[in-house]
Each structure stands twice: as C-alpha cells, then as structure tokens.
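If you read the protein sequences in the order shown, they are chains A and B.
Using my numbering, you'd call the opening residue of the first sequence number 281 and step up by one each time.
Using my numbering, you'd call the opening residue of the second sequence number 1126 and step up by one each time.
Written out below as structure tokens is the structure these notes cover.
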Amino acid sequence: MSAVRAQGLVKAYGRKRALDGLSLTAGTGVTGLLGPNGAGKTTLLRTVATVLAPDEGQLRLLGRDTSDPKERVEIRRRLGYLPQEPGFHRSFSTFEMVDYVAVLKEQTERRARHDEVRRVLELVGLQDVSSKKVRALSGGMRRRLGLAQALLGEPELLVLDEPTAGLDPEQRMRFRDLMSRAGEDRAVLLSTHQTEDVAALCSSVVVVDRGRTLFTGTVPSLVAVAAGRVWVDEVRDASALAGWRLGSGLFHHVGNPPSGAQLVDATLEDAYLLLLGGQPAPVAA
Amino acid sequence: MSSTWHLEEDVLDRYVGGIAPPALAASVEAHVVGCATCRERLVPAVEPPRLDRVWEEVLERVDAPAPGPVERLLLRLGVRDDTARLLAATPSLRGAWFLSLLAVLGLALLSAHATDRGVVVFLALAPLLPVAGVAMSYSPLTDPVHELATAAPYSSLRLLVVRSAAVLTATVLLAGAAAMLLPGASWLAVAWLLPALALTAGTLALSTWFEPLHSALGLATLWLAVTAPAFAPGSDPLLVVRSGAQLVCLAVLVVALGTVAVRRDAFSLSRGRSV
Ligand SMILES: Nc1ncnc2c1ncn2[C@@H]1O[C@H](COP(=O)(O)OP(=O)(O)OP(=O)(O)O)[C@@H](O)[C@H]1O
Ligand SMILES: [Mg+2]
Ligand SMILES: [Zn+2]
C-alpha cells in the first residue's frame, strides 16, 4: 500500500489550473517535491493535507479515500502538516501554541498532551523558548515551531511545505537527521527549492511543473538525466541552456555540450535545470 | 544558571520526606530548576518514581504558565482545560473585540436616548454584533490557525459550535445588558434576540458555500436594507420587532439550522480562495 496515491488531480483557481491532471505515488521514506515558483507544489500539498478538495481526480492516503468525510477524519488522525505559511496565535507562548494544535489533534488528557508537546519542542530544539511568546520568536524559530506541531502524535504521513526555508545550517542538519529517522518507517512528502536537501535526504524525487509531474524517480536516476551534459569552459558558451561563472573563474554549463567539451560530474541541480529547460537529450548517433 | 545560595539541610529533608508545606515545596522546586548542586543533593535522597513526578511537576509549572484572562475565566466557570484552550484562540473572544463591541453599543444607546427614532439604530445594530463575532471566530481571514485546524481531526463543526456558543453568550450578555438601558418598553430588551439568532444561523448556513466574513457582510447588508425604512418619519420604528417580523426570523432560524445540519461536511474543507 502506498501512503499517497494521486490519480489525475485537477484543482483550478478561476481559470488558472494549479493542478492539471497530476498523478503521484509515494510510499515509506522521504519524497522530495521540486518545481519552480507557481508550479503547484503548495496546491498539491494542501490537497494531500486534506485541506483542499480536488475538482477532479482521486486521492487515496494511507489506504483511505479523501473524498469520504469519515475516512478523511481517519486520515487526519495520522497526518502531520506544515503549511508553507503557517499562521500562529502570536499572543500564545510557544508551548501554548503547540498545545493548542495538540488539542485539535484530539489529545484530551492534559498530562499526556503536555508531555507530547514537550517531546516535539525538544525534537526541534525549542525547549528553551517554550514560555516565550510566539511574536517574540525569530523567523527560523517560528519555522521550527511549525515543524514541531506537525510532529505531534508521530504521524504516519508527514506533509511539509518548504520545511527548510529560513533554517540556519545547524538547524538544517538537525532537520535532515530528524527526517531521515522519520522516513525509516513513515511517509514524508516535502517540497523545497533546495536541491541539496533533496540530494541529502530524499529516497525519491518528484519534479512538478505547471500542475503536472515532469519526473518521478530516485535521486540518482534524476542526476542521470544530466550525465554527459555538464561541462566547464574558460569562456561563456552561449549555446548552453544555462551557464554561470564559478568562484574559480571557470564557466559551468548545462545543455548539449559542444564536441571536445571538458565534461564534469552532474549534480541534482544540473539535472533539474535540464529537465525544466525542456531541452531534449541529443539522439545518440 | 548557578546560584549563590543553597537549600538548607532541614529544608531538603522536609521536602524529601514530603512534609514541606506547598509554598516551601514550590520554592525548593524553583531553586532546583536552576541549581545543579542542589538537584544532585536531592537525587539520591528521593526515590526515583517520586523524583520523576516532582520533575514533571516542575516542568509543568515552568512550561504551562498561568493562562491568559479569557482562559482563566473559562476554567473558573468549569470549562474543561482543552476546550478553554480552543476558546482562548478565538479571535472574537479577545480584548480588542470586546472594546469594539462596547463602542458600538455605547453609540447605539446614545442615539436611542438622543432622538425618538434613535431606538431603531439600536435594534438594527444589536443583532449584527453576534453575526460579526461568530463569523470572525472561524473565518480563514481572521483565524490565523485556520489551515492547521482544517487539517486536524477535531471536528470543524464541533469547533464552530463551541466557538459560536461562546461568542454568542458573551455578545448577547453584553448587548442584553446595554438593551436594559434603552428608553421605552421593557420587552425591547429581548426583541432583538430572535433576529440576532436568525442572522447568526443564516451566516453559518451561507458559509457552507461562501467565505464566512463575506456571508456575514451579505446578510448584514440585507438586514440593514430591511430595517432602514423604519428610519423614515411616519413609519413604525419598531416594525422589525413586531410579531410578524419575529415569525419570519424564527422561520429563517429553522431553515438555516437545517441547512447547516445537512451541509455540515462543507465546514471540514477550506472554501474558496483562502489566504
Ligand atoms: N488561493 C489561490 N487563489 C488563486 N490562485 C492561486 C491560489 N493558490 C495558488 N494559486 C495559483 O496556483 C498556481 C500554483 O500555486 P502554488 O502555490 O501551488 O505554487 P508553488 O509550486 O507552491 O509555488 P512556490 O514555489 O512559489 O511556493 C500559481 O499560479 C498560483 O498563482
Ligand atoms: Mg509553495
Ligand atoms: Zn542550590
């Protein structure tokens, strides 16, 4: 059973189709969602978080049907969700804010609930600011507060919209560690603009563009898209799909290399750029 | 954090023996939170299970500080602590909301006493106060945690009912107290209640289709259009509270509640364009 099984999802805002027949499956492990701004990642994750109902298509989560109100509640009991822009009650303390979400997650027994709140605050390293007002937290701390509430109750499915945006390097490492452990026995679906995050922690990667999936596979299989299509040169090559100057002074290019080019190893970012550039690989002669 | 003083031996003994009075016990606990030396002196003395309990108790006091005024009042009224926390997060159960409520009621009362027809202003405005309060309590435009609440298993309908009931009670009590100060017949003090309930239920019903604040705004406009003719000289200023109008309100109330019951699933999803 796949934790997430989406078939032909369509979600339109007015005439704009944010999801345009998107299909996706994701199982145990960390699945990274990449895609340009406006690709539909947030719309997809809000749908998977059962907040938005798709206009068309089927979405089954943890073996249950999201269109059935009763099964939806069952899913929500096993779901943790970090929205791209989570809102908080700024006059609550950090502890009270997470406690509030714990109540919404049906944790009624006070002592057990408070223990759980302390546990998740410790996981994200916020135990020392638990009595601080939310409005007094830094942006990165608020991000971690959002993550903490998503971890309440050890959900089987974690839906995280840009969880690493605004985190310092140390916190980013901590997050990767947390997620790789969560991914051992649970399904994590996260979006990011950081290809390094995906390379470091995702067992599979999905590239979304204009409301459709452009690629689904493992990280190595995405990197393979760029094999033999990345080269460096002392001058800028105008024929490249993308190129930039490295710190060393050399120019890094992706695209279809000229013959005799000095090829280098491709990264996930190179592959991603090639995929979005839509430049077909040269046909082998 | 290190401390320059330490717990005296006999204080420690009494605490360990569980015979320290609560105030002393609390100060011992406050001290050991910051003082590793005394914490270590305490550890061998106390049997482990009790120490765990003590430590939990200390954490409880540090982390779960005195709740805010709304939450304290609710707890004193016997509301369960988890429900109190849900209510404390209601935008229209906060200080700023009560201030604007008092301002509107004050103005309405002033106008009721200033002119003959001034009471029309009160009767037109009072029913809209609970409407605004209830719509604000669950609109995605005013509740910053709406998105998280929608994704949580707690029934959206139940949350809505709990919050609406609290907002209605608070608002109706305030407006009711103000209505006692109206000039003229004493039944005026309750005549606005049925319209208030009908409009509030109507807003809930409409918001199974539209954004709650927009629903409230639409109904408020309609209500003002209906009540406006009472301002005209020669017309009956109390038209909206006569028995005919009350019957219409009752009918609206029943239909609206029925609609909410039938379409309750709509509350469990985000509607329209959210922000
Ligand atoms: N509530 C909304 N109302 C109208 N249009 C919307 C709404 N939400 C998203 N859209 C549109 O849907 C498309 C997809 O948006 P979405 O937020 O899903 O993109 P995204 O991939 O998350 O982008 P980003 O990387 O910038 O977060 C965009 O064109 C956006 O303008
Ligand atoms: Mg987004
Ligand atoms: Zn000491």
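Ideal Cβ placement from N, Cα and C applies to all residues, glycine included.
For residue i: DSSP bridge partner residues
i      : result
A/T305 : A/R285
A/G312 : A/L470 and A/V485
A/A292 : A/R297
A/W511 : A/H533 and A/L543
A/L359 : A/L437
A/F495 : A/V487
A/R344 : A/L341
A/K413 : A/S373
A/E402 : DSSP lists no partner for A/E402.
A/E351 : DSSP, once it has assigned bridges, lists no residue as partnering A/E351.
A/E336 : A/V290
Residue i: CB within 7 Å of a non-hydrogen atom of ligand 1
i       : result
A/Q429  : no
A/K296  : yes
B/H1290 : This sequence places Ala at residue 1290 of chain B; His is not what is there. Answer for B/A1290: no, Cβ out of range of ligand 1.
B/G1369 : no
A/G360  : no
B/A1276 : no
A/A319  : yes
A/Y293  : yes
A/G315  : yes
First through last residue of the beta strand (DSSP E) which encompasses residue i
i      : result
A/V534 : F531 to V534
A/A522 : A522 to R525
For residue i, the first and last residue of its enclosing alpha helix (DSSP H)
i       : result
B/A1295 : S1281 to A1304
B/V1385 : S1368 to V1387
B/L1235 : G1220 to A1239
B/W1312 : It is not in any alpha helix (DSSP H) - B/W1312 carries neither H nor E in the DSSP assignment.
B/L1254 : L1253 to Y1263
B/H1156 : P1147 to G1159
B/H1271 : H1271 to A1276
A/R516  : Where A/R516 is concerned, there is no enclosing alpha helix (DSSP H), given that its DSSP letter is neither H nor E.
A/P449  : P449 to A462
B/T1328 : L1318 to L1331
B/P1194 : P1194 to R1201
A/G426  : G419 to L431
B/G1243 : G1243 to L1250
A/K321  : K321 to V328
B/T1352 : P1337 to T1352
Count the C-beta pairs between the region 516-523 of chain A and the region 441-450 of chain A that are closer than 8 Å, then say yes if the count reaches three, no if not. Using a C-beta cut-off of 8 Å, the region 516-523 of chain A makes no contact with the region 441-450 of chain A, since fewer than three inter-stretch Cβ pairs fall below that distance.
Listed in chain order, which residues are found with a beta carbon closer than 7 Å to a heavy atom of ligand 2? Here the residues close to ligand 2, judged by CB distance below 7 Å to any of its heavy atoms, are A/K321, A/T322, A/Q364, A/D441, A/E442 and A/S471 in chain order.
Would you check if there are 3 or more beta carbon pairs closer than 8 Å linking the region 294-309 of chain A to the region 451-471 of chain A? Because the criterion of three Cβ pairs below 8 Å is met, the region 294-309 of chain A and the region 451-471 of chain A touch.
Below 8 Å, how does it come out for the region 411-430 of chain A and the region 376-394 of chain A: are there three or more Cβ pairs, yes or no? Judged by Cβ distances under 8 Å, the region 411-430 of chain A makes contact with the region 376-394 of chain A, as three or more pairs qualify.
Assess contact between the region 1288-1308 of chain B and the region 1255-1262 of chain B, defined as three or more Cβ pairs (one per stretch) separated by less than 8 Å. Is contact present? They touch, by the three-pair rule.
Counting Cβ pairs closer than 8 Å, one from the region 339-347 of chain A and one from the region 491-499 of chain A, do we hit at least three? Flag = no, the region 339-347 of chain A and the region 491-499 of chain A do not touch.
When the Cβ atoms of the region 402-414 of chain A are set against those of the region 345-352 of chain A, are three or more pairs found closer than 8 Å? The region 402-414 of chain A vs the region 345-352 of chain A: no contact.
Taking contact to mean at least 3 C-beta pairs separated by less than 8 Å, is the region 387-405 of chain A in contact with the region 1272-1292 of chain B? Taking 8 Å as the limit for Cβ pairs, the verdict is that the region 1272-1292 of chain B does not touch the region 387-405 of chain A.
Per the contact definition of three or more C-beta pairs closer than 8 Å, is the region 1244-1251 of chain B in contact with the region 1210-1218 of chain B? No: fewer than three Cβ pairs fall under 8 Å.
Check whether the region 1370-1383 of chain B and the region 1266-1277 of chain B are in contact - that is, three or more C-beta pairs closer than 8 Å. Between the region 1370-1383 of chain B and the region 1266-1277 of chain B, the count of C-beta pairs closer than 8 Å stays below three; the two stretches do not touch.
Do the region 530-537 of chain A and the region 508-518 of chain A meet, that is, are 3 or more Cβ pairs less than 8 Å apart? By the Cβ test, the region 530-537 of chain A is in contact with the region 508-518 of chain A, since at least three Cβ pairs between them sit closer than 8 Å.
With a threshold of 8 Å, are at least 3 pairs of Cβ atoms found where one atom belongs to the region 1354-1368 of chain B and the other to the region 310-330 of chain A? Flag = no, the region 1354-1368 of chain B and the region 310-330 of chain A do not touch.
Taking three-plus beta-carbon pairs below 8 Å as touching, is the region 538-553 of chain A in contact with the region 472-492 of chain A? The region 538-553 of chain A, when compared against the region 472-492 of chain A, does touch it at the 8 Å Cβ threshold.
Do the region 480-494 of chain A and the region 288-302 of chain A make contact, defined as three or more Cβ pairs closer than 8 Å? By the Cβ test, the region 480-494 of chain A is in contact with the region 288-302 of chain A, since at least three Cβ pairs between them sit closer than 8 Å.
Between the region 1343-1352 of chain B and the region 1217-1233 of chain B, can you find at least three pairs of beta-carbon atoms closer than 8 Å? They do not touch, by the three-pair rule.
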